[in-house]
Amino acid sequence: MKVLFQVRQDYRKNPAGDTVQLLATAQALKNLGVQVFLSLNPKVRLEEYDLVHIFNATRVVDAAMYFENAKNQNKPIVVSPIYWNMAHYLKKVEMNSVALEQWESYQPWRSQLLQDCDLLLPNGQAEIEEIQRDFQVTTPFKVIPNGFPQEYLGIDGTYFREQCPGLPEEFVLSVARISSRKNQKWLAQCCQELGLTLVLAGPINEPKYFEEVQVYPNVIYLGTIQGRLLASAYAAAKVHAMPSWFETPGLSSLEAGACGAVVLSTDQGCTEEYFQDMAVYMDPFEEKSLTPALEKALTFSPEPLTKHIQKHYSWSRIGEMTLAAYKHVLVSSSHE
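So the numbering used here is basically just the index in the sequence shown, starting at one, shifted up by 1221.
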């Protein structure tokens, strides 16, 4: 089977969850014998491919061009929407309405993409319900969750502590791009009130916001870390906190939980589907929710969630589910 992946043009320059999901899914499929190719060309010829898999309906301009190209060439189209309605967040956070107007102006584009593709692969049941509520789509779907890298298993916190000496025994880690959507400034403030060191890792999406976060003396910023060092950081942390405005479900939360950290997560998005009662939740729309959640997380056991994630959410398992979904699409399209 030959599959073509297509994603936003800047997926490498500005890495985010869709970057990780795309690369990890590609590797898992290759391990199963699928030939996976990637093209950022909206006019690429598609004769040699069995289907086109488009990632990210939030950044819909690129996705819409890929979709139109595949439609014109009569190729089956699978979409991983990675969608959550950002209007709630934009109304709450943005001081001007430009971003909200832009978001809403592109909703018809998203509607066409999500209605007219052959199969949707949302990351959770809550995500497909959000899509159906917003667009009334009737497209078939298969929930394909996100995963964690199995090579992270067995790595403890020693390597991270060697590379970052002087950290207290208990610290809070948050791995995400530095952005107002991820709420690091609020996290820094609440950690300072509790006397906790906050370690941040991830690319800087919003430089001005990053400056506001760095005002807090309890914050240590490591830049982007990956691989063994990242897994060791998760294992060393007492708590991994992701108080974002929404997550589907937060790749770093999954990874941190797999490596043995207590997961403190937003309750907006698909998070409770994945973590059930084995994580600590906070509500980003409730101003007093984060501090007590941090206090609770410090006494919470990570073990049930660690076992749950390791059992259900490896990328190899996600690859198998994705391949089964592809086969279903190809059988359906051959009968049309």
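Don't be surprised by glycine CBs; every beta carbon is placed ideally from N, CA and C.
All values derive from a computational prediction rather than experimental measurement.
Within the same chain, show all residues whose beta-carbon is closer than 7 Å to that of residue i, passing over the 5 residues directly before and after it, in chain order.
i	result
I1446	A1422, A1454
S1401	V1314, E1427, Y1430
S1535	G1368, F1369, Q1371
G1378	S1453, A1456, A1457
Measuring only the C-alpha atoms, how far is residue i from residue j?
i	j	result
F1369	S1301	17 Å
A1452	I1376	6 Å
N1277	Y1304	7 Å
Q1328	Y1380	46 Å
Y1270	Q1294	11 Å
I1352	V1550	20 Å
I1530	K1363	20 Å
V1319	W1407	24 Å
W1330	L1321	15 Å
I1399	V1314	15 Å
S1474	T1359	31 Å
L1335	L1341	7 Å
F1431	Q1242	25 Å
K1264	E1516	52 Å
P1389	A1545	46 Å
E1508	D1498	22 Å
F1258	I1425	29 Å
L1443	E1414	22 Å
R1310	Y1287	Here the sequence assigns Tyr to residue 1310, which means Arg is not the residue at that position. C-alpha separation (whole angstroms): 27 Å.
E1433	N1235	21 Å
L1417	E1494	29 Å
A1308	E1372	37 Å
V1228	E1289	14 Å
Q1323	T1279	12 Å
M1463	K1292	38 Å
Q1333	K1459	44 Å
Quick check on residue i: buried or exposed, where buried means 16 or more other Cβ atoms within 10 Å of its Cβ?
i	result
P1461	In the sequence on display, residue 1461 carries His and not Pro. Under this definition H1461 is a buried residue.
Q1357	exposed
G1387	exposed
D1283	buried
P1343	buried
G1448	exposed
G1471	buried
E1391	exposed
E1350	exposed
F1506	exposed
S1486	buried
V1436	exposed
V1299	buried
For residue i, which residues from the same chain have a beta carbon less than 6 Å from its beta carbon, with the 5 sequence-adjacent residues on both sides left out?
i	result
D1488	Y1502, D1504
C1412	V1393, L1419, N1439
K1403	A1397, S1465
T1240	Y1232
G1540	A1249, L1250, L1253
I1441	V1420
P1361	L1340
A1514	L1485, V1501, M1503
Compare the beta carbon distance of residue i and residue j with 7 Å and say whether it is the shorter of the two.
i	j	result
L1526	G1478	yes
P1297	S1554	yes
V1482	P1523	Per the sequence shown, the amino acid found at residue 1482 is Ala instead of Val. The answer is yes: Cβ separation under 7 Å.
G1490	F1521	no
V1281	L1225	no
A1456	C1480	yes
Q1230	L1261	yes
E1348	T1246	no
M1542	I1365	yes
S1355	N1306	Note that residue 1355 is Asp in the sequence shown, not Ser. Yes. Within cutoff.
Note down, in chain order, each residue of its chain lying with its Cβ closer than 8 Å to the Cβ of residue i, except the 5 sequence neighbours on either side.
i	result
L1450	Y1380, F1381, Q1384
Q1256	M1222, K1223, V1224
Hey, which unbroken runs of the alpha helix (DSSP H) at 4 residues or more fall wholly within the region 1422-1476? 1428-1435, 1448-1457, all fully within the region 1422-1476.
Can you give, in chain order, each stretch of the alpha helix (DSSP H) that sits fully within the region 1230-1302 and has at least 4 residues? Secondary structure remark: continuous alpha helix (DSSP H) runs of at least 4 residues inside the region 1230-1302, in chain order: 1238-1252, 1281-1293.
Alpha helix (DSSP H) runs contained entirely in the region 1490-1534, provided each spans 4 or more residues: Fully contained in the region 1490-1534 are the following alpha helix (DSSP H) runs of length 4 or more, in chain order: 1492-1496, 1511-1518, 1524-1533.
Which whole runs of the beta strand (DSSP E) in the region 1351-1431 are 3 residues long or more, in chain order? Runs of beta strand (DSSP E) with 3 or more residues, each lying fully within the region 1351-1431, are found at 1393-1396, 1419-1422, listed in chain order.
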